[in-house]
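Everything on this sheet refers to the single structure shown next.
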Amino acid sequence: MQNPEMRGKSVPGELATHAITRRFSELALCEVRRVAFYGTRL
0 MQNPEMRGKS VPGELATHAI TRRFSELALC EVRRVAFYGT RL
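When we follow numbering that gives the first Met the number 0, the leftmost residue of the sequence shown carries the number 0, and every step to the right adds one.
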């Protein structure tokens, strides 16, 4: 997923923001999956 040309001209702050947003999207995805899972079970 990491392309070297992006990493080359990225600033540390930019990388941190990207990591945080990716973490949040992963958490949201887990939450959605969990809700959908419980929704189908009920």
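The C-beta atom is built at its ideal place from N, Cα and C for all residues, glycine as well.
Owing to the predicted nature of the structure, the values given are computational and were not obtained by experimental measurement.
For residue i and residue j, I'd like the C-alpha separation in whole angstroms.
{"i": "residue 38", "j": "residue 23", "result": "22 angstroms"}
{"i": "residue 40", "j": "residue 12", "result": "42 angstroms"}
{"i": "residue 19", "j": "residue 35", "result": "24 angstroms"}
{"i": "residue 33", "j": "residue 17", "result": "24 angstroms"}
{"i": "residue 31", "j": "residue 14", "result": "25 angstroms"}
{"i": "residue 27", "j": "residue 21", "result": "10 angstroms"}
According to DSSP, is residue i part of a helix, a strand, or is it coil?
{"i": "residue 34", "result": "helix"}
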